[in-house]
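Novice:
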Amino acid sequence: LDLEYATSTNRLMGREDTELVLDAAREWPLLPFQVMVSFYETSEVMTVQAIEEGPEPNTQLLRVQRASTPVDFISYFGRFPDAWQCPESWFNDSKSCDCECGMPDPDCDVDKRLPTVWCPIPRIRD
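Heads up: the sequence shown runs through residues 49 to 174, numbered per our numbering.
#1: Quick one: what's got a C-beta closer than 7 Å to S144's C-beta in the same chain, skipping five residues either side?
#2: Beta carbon of A98: closer than 7 Å to some heavy atom of the ligand COA?
#3: In chain order, what residues of the same chain have a beta carbon less than 7 Å from the beta carbon of N106, not counting five sequence neighbours either side?
#4: How far does the beta strand (DSSP E) with Q97 in it extend, from its first residue to its last?
#5: Do V69 and M94 have their C-beta atoms closer together than 8 Å?
#6: Any idea which residues DSSP pairs D146 with across the strands?
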């Protein structure tokens, strides 16, 4: 199984939510199977019960069964990640991708195409 990241296009999941809308259709194993949903430092393993076409073109909807104690991802929105070790104002500031700060900066998403700061420069060997 080739594991890859999928990005959810819907809002953050509250405790009662059971649908994930993905940004692109993907091939999946036979139902049911498990996925891990994460948001910064928290995560939850969910069991996918059904796969459907999403509400927008080229999206996919996963209907999931949540854990017995589901994570309320909404409560984490706006909270500053504990692992971040650089100034808070740098985190997800839409100005630059800040490296070496204890955790990935959301600004480092390849689609954002922002300049990088404090990132190690790879060395080319002779």
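Each residue gets a CB set at the ideal place from its N, CA and C atoms; glycine is no exception.
Specialist: If we stick to the structure as given:
#1: The residue labelled residue 144 in the question sits at position 96 within the sequence shown. Excluding five sequence positions before and after S144, the CB atoms of its chain that fall closer than 7 Å to its own CB belong to D155, L162, P163, T164 and V165, given in chain order.
#2: No copy of the ligand COA appears in this structure; indeed no ligand is present at all.
#3: Sequence index remark: in the sequence shown, residue 106 carries index 58 (1-based). Answer for N106: A72 and A73, listed in chain order.
#4: As a first step, residue 97 is located in the sequence shown; it is residue number 49 there, counting from the start. Unbroken beta strand (DSSP E) run through Q97: T90 to E101.
#5: One-based indexing of the sequence shown puts residue 69 at position 21. One-based indexing of the sequence shown puts residue 94 at position 46. Taking C-beta atoms as the reference points, V69 and M94 fail to come closer than 8 Å.
#6: Start at 1 with the first residue of the sequence shown, and residue 146 comes out as number 98. Beta-bridge pairing links D146 to V165.
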